[in-house]
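Peer 1:
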Amino acid sequence: MLNDPIFSQHATPFAPLGPRRLAPLPTDIGKLPHIDVVLISHDNYDHLDLETVRLLAKQANGIPKFLVGLGLKA
Numbered sequence: 001m002l003n004d005p006i007f008s009q010h011a012t013p014f015a016p017l018g019p020r021r022l023a024p025l026p027t028d029i030g031k032l033p034h035i036d037v038v039l040i041s042h043d044n045y046d047h048l049d050l051e052t053v054r055l056l057a058k059q060a061n062g063i064p065k066f067l068v069g070l071g072l073k074a
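Counting with the UniProt record's numbering, you get residues 1 to 74 for the letters of the sequence shown.
1) Give me the Cα-Cα distance between residue 15 and residue 51, rounded to the nearest whole angstrom.
2) State the Cα-Cα distance for the pair residue 12 and residue 63, rounded to the nearest angstrom.
3) Quick one: grab the DSSP three-state call for residue 31.
4) Who are the Cβ neighbours of residue 29 in its own chain at under 6 Å, not counting the five residues just before and after it?
5) Relative to the alpha-carbon of residue 61, which residue among 33, 21 and 68 has its alpha-carbon at the smallest distance?
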């Protein structure tokens, strides 16, 4: 399970204009084991990263279940 995953270098849909990551990623998204569930707490850019969602949806073992709050139009 991942909670509000962000694997991009910027917390914005308009990179490189938004805030840049201050710390390096702990791992590459491709090195993670299969993710079954992704929890998205809310739709701010520092909690909902569209590029990360797209990468997780391309996992070899299937798309994870995304749990989102009401109003996120998932």
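All C-beta atoms, glycine included, are put in the ideal place defined by N, C-alpha and C.
Peer 2: Reading off the structure:
1) Working through the sequence shown from its first residue, we reach residue 15 at position 15. Working through the sequence shown from its first residue, we reach residue 51 at position 51. The straight-line gap from Cα to Cα measures roughly 11 Å.
2) Taking the sequence shown and counting its residues from 1, the one referred to as residue 12 is at position 12. Taking the sequence shown and counting its residues from 1, the one referred to as residue 63 is at position 63. Between the alpha carbons of residue 12 and residue 63 lies a gap of roughly 23 Å.
3) Counted from its first residue, the sequence shown places residue 31 at position 31. Residue 31 falls in the helix class under three-state DSSP.
4) Within the sequence shown, numbered from 1, the residue matching residue 29 stands at position 29. When the five nearest sequence neighbours on each side are left out, the beta carbons in the same chain lying within less than 6 Å of the beta carbon of residue 29 are those of 7 and 55, in order along the chain.
5) Translated into the one-based positions of the sequence shown, residue 61 becomes position 61. Looking at the Cα atoms, 33 is the closest of the given residues.
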